[in-house]
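Remarks on the structure that follows.
Numbering (my numbering), first residue to last: 6 to 167.
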């Protein structure tokens, strides 16, 4: 299904039970991990995702739990994406902070923020899994599969609607 957001056209990809992907049409890694039968045709799952996006862009802060999400990725990527879901609306964290959190979870001394960045870059559920809320440790905006201008817009939008 397609949705026209304030930031451009988006595609919602689903199977019969869950949302697998939400992408800007020009974003990197589109459909990178999709291996199951999918549809971009109108269906109830896609309609729910579009309603979630409409609410988000109205500044309503919809909860991701109202959608049945099934992002396809490695166990590590899924762990990173779970950490992203914990970042509060209108707030940011750093790649290094997530790396430290996951290093503790895995009981290892340290983890490279670059590994976190790679997993974040392959997030198949843009905006819903808020990868735009992750910034560099020096406060700079780095990396966003949908483009840095969109990341900047999303962060400013959320700050306006806290």
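Glycine residues also receive a C-beta, built at the ideal position from the N, C-alpha and C atoms.
Contacts around residue i, its chain only, beta-carbon distance under 7 Å, and the 5 residues preceding and following it disregarded
i           : result
residue 53  : 72
residue 98  : 92, 138 and 139
residue 122 : 100 and 148
residue 61  : 67 and 132
Bridge-paired residues (DSSP) for residue i
i           : result
residue 7   : 16
residue 28  : 16
residue 131 : 134
residue 139 : 98
Same chain only: Cβ atoms within 6 Å of residue i, ignoring 5 sequence neighbours per side
i           : result
residue 13  : 29
residue 26  : 18 and 129
residue 150 : 32, 33, 34 and 126
residue 155 : 12
Reduced DSSP category for residue i - H, G, I as helix; E, B as strand; rest coil
i           : result
residue 102 : helix
residue 111 : helix
residue 144 : coil
residue 74  : strand
residue 61  : helix
residue 68  : coil
residue 89  : helix
residue 167 : coil
residue 152 : coil
residue 56  : helix
residue 120 : helix
residue 83  : helix
residue 33  : coil
Option in the options with minimal Cα separation from residue i
i           : options            : result
residue 79  : 165, 102 and 120   : 120
residue 166 : 48, 67 and 31      : 67
residue 88  : 6, 135 and 49      : 135
residue 9   : 59, 114, 81 and 82 : 59
residue 118 : 104, 109 and 160   : 104
Nonlocal neighbours in the same chain, by C-beta distance under 8 Å from residue i, ignoring five residues either side
i          : result
residue 24 : 17, 18, 50, 51, 53, 54, 72, 73, 74, 75, 130 and 133
Residue i vs residue j beta-carbon contact at 8 Å
i           : j           : result
residue 145 : residue 95  : no
residue 15  : residue 47  : no
residue 84  : residue 107 : yes
residue 141 : residue 82  : no
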